[in-house]
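A.B. asks:
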Amino acid sequence: CTRFSFSREDAYRAASLALRDRLLESFNDTNAWYAEKDVKRGYYLSAEYLLGRAFQNALVNLDLEPAFKDALMGLGFEMEELHPFEA
1 CTRFSFSRED
11 AYRAASLALR
21 DRLLESFNDT
31 NAWYAEKDVK
41 RGYYLSAEYL
51 LGRAFQNALV
61 NLDLEPAFKD
71 ALMGLGFEME
81 ELHPFEA
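Structural data, given as structure tokens:
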């Protein structure tokens, strides 16, 4: 991948890694708050763990969808073009 050959798959990979970084920041902030407040935690395993496609859900939940859409449009891509690359 170079700046001269930036495919849809490359755009998806870049967007998903940026989103992953934001999710990890939020996760780490939450864990730090839990440690500070010494809250109790409950753990369980659910069959609903396999949510399927989570890219757009995470964008919406973090209120990042408009920013990602604008950034991708600046690169010449539509957000909807990237959804098929999520496995």
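Counting from 1, one number per residue, gives the positions in the sequence shown under this note's numbering. Glycine is no exception: its CB is placed at the ideal position from the N, C-alpha and C atoms.
From the DSSP output, in three-state form, read off Ser-7 for me.
C.D. replies: It is coil, neither helix nor strand.
A.B. asks: Taking the alpha helix (DSSP H) that Phe-55 falls in, what are its first and last residues?
C.D. replies: Phe-55 -> alpha helix (DSSP H) spans 55-61.
A.B. asks: Leu-59 and Leu-19 look like a contact to me (Cβ under 8 Å); what is the Cβ gap, rounded to whole Å?
C.D. replies: So it is a contact: roughly 6 Å between Cβ atoms.
A.B. asks: Just verifying my parser: in three-state terms, what is the DSSP assignment at Glu-86?
C.D. replies: Coil at Glu-86, not helix or strand.
A.B. asks: Identify whether Gly-76 lies in helix, strand or coil by the three-state DSSP scheme.
C.D. replies: It is coil, neither helix nor strand.
A.B. asks: Could you tell me the alpha carbon to alpha carbon distance between Phe-55 and Leu-62, rounded to whole angstroms?
C.D. replies: Answer to the nearest angstrom: the Cα atoms are 11 Å apart.
A.B. asks: Just to check my reading of the structure: Tyr-34 and Leu-82 have Cβ atoms closer than 8 Å, yes? What is that Cβ distance to the nearest angstrom?
C.D. replies: No, Tyr-34 and Leu-82 are not in contact; Cβ-Cβ is about 33 Å, not under 8 Å.
A.B. asks: Is it right to say Ala-15 is buried, meaning 16 or more other beta carbons lie within 10 angstroms of its own, or is it exposed?
C.D. replies: When all chains shown are included, Ala-15 counts as buried.
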